[in-house]
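Quick note: the sequence shown, position 26, residue 25 per numbering that gives the first Met the number 0, numbers continuous.
Here the structure is laid out as structure tokens; the discussion comes afterwards.
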Amino acid sequence: MWDLFFSFRGRINRQPYWLATLFMIVLALAVVFASLSAGLMAGGGALLLLVIYIPLVWAGFALAVKRLHDRDKSAWWLLVFYIVPGFLQGIGRALDETSWSLGLVLLLAGFGLSIWGLVEIGFLRGTRGPNRYGPDPLGELQPAAN
């Protein structure tokens, strides 16, 4: 489990990626609801959420890196899928007041990159057989020798 959530090495296929992602979402929601119901959101509750949020972000990055590795892509692609869309959308919102057409183009470009990242990381099959990041997590069967 430790390697799945906190290591940036190796490859994982789609099933463990989505199961781990679902687990982290449920955990985050449970912590938020528990904090809200206990009235902890002011002061110490916010600190508790931050203490839990940091490992969840780390684990999310680790899972995404291993999925990119499964696709035979570098972890640097996370910049394209996570950081660039935020910049484009922020600039697009700022320009929306003065130049709505350019702002709209930047907003749509950021959205498109986010969708591409979702498809690339979450839905496309990894490379068949071993790649530079490790063996195929599906254990691709080799044809039988005659």
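Every residue, glycine too, gets a C-beta built ideally from N, C-alpha and C.
Local Cβ density within 10 Å of residue i, reported as buried at 16 or more and exposed below that
{"i": "residue 84", "result": "buried"}
{"i": "residue 111", "result": "exposed"}
{"i": "residue 62", "result": "buried"}
{"i": "residue 142", "result": "Note that residue 142 scores a pLDDT of 48, beneath 50, so its modelled location is shaky; the value from the coordinates is reported in the next line. Flag for residue 142 reads exposed."}
{"i": "residue 144", "result": "For residue 144, the pLDDT reaches just 48, beneath the cut-off of 50, and the residue's location in the model is therefore unreliable, although a value from the coordinates is still provided. Exposed: under 16 other Cβ atoms inside 10 Å."}
{"i": "residue 25", "result": "exposed"}
{"i": "residue 50", "result": "exposed"}
{"i": "residue 125", "result": "buried"}
Cα-Cα separation, residue i to residue j
{"i": "residue 31", "j": "residue 48", "result": "7 Å"}
{"i": "residue 0", "j": "residue 15", "result": "11 Å"}
{"i": "residue 45", "j": "residue 4", "result": "23 Å"}
{"i": "residue 28", "j": "residue 22", "result": "10 Å"}
{"i": "residue 113", "j": "residue 80", "result": "6 Å"}
{"i": "residue 19", "j": "residue 69", "result": "16 Å"}
{"i": "residue 55", "j": "residue 37", "result": "21 Å"}
{"i": "residue 59", "j": "residue 99", "result": "34 Å"}
{"i": "residue 122", "j": "residue 53", "result": "26 Å"}
{"i": "residue 209", "j": "residue 57", "result": "Nothing can be reported for residue 209: it is not among the residues displayed for the chain, which extend from 0 to 145."}
{"i": "residue 34", "j": "residue 17", "result": "26 Å"}
Cutoff 8 Å; reference residue i; Cβ partners in own chain excluding five residues on either side
{"i": "residue 131", "result": "71"}
{"i": "residue 67", "result": "73, 74, 76, 77, 119 and 120"}
{"i": "residue 92", "result": "102 and 106"}
Close Cβ partners of residue i (< 6 Å) along its chain, the five nearest in sequence each way excluded
{"i": "residue 108", "result": "87"}
{"i": "residue 116", "result": "80"}
{"i": "residue 64", "result": "7 and 74"}
Contacts around residue i, its chain only, beta-carbon distance under 7 Å, and the 5 residues preceding and following it disregarded
{"i": "residue 101", "result": "94"}
{"i": "residue 90", "result": "105"}
I want to know whether the segment 123-137 touches the segment 8-23 - three or more CB-CB distances under 8 Å.
yes
Could I get the ranges of all uninterrupted alpha helix (DSSP H) runs contained in the segment 45-124, with 4 residues as the minimum, in chain order?
83-94 and 99-121
Quick one: complete alpha helix (DSSP H) runs, 4+ long, within the segment 2-42?
13-36
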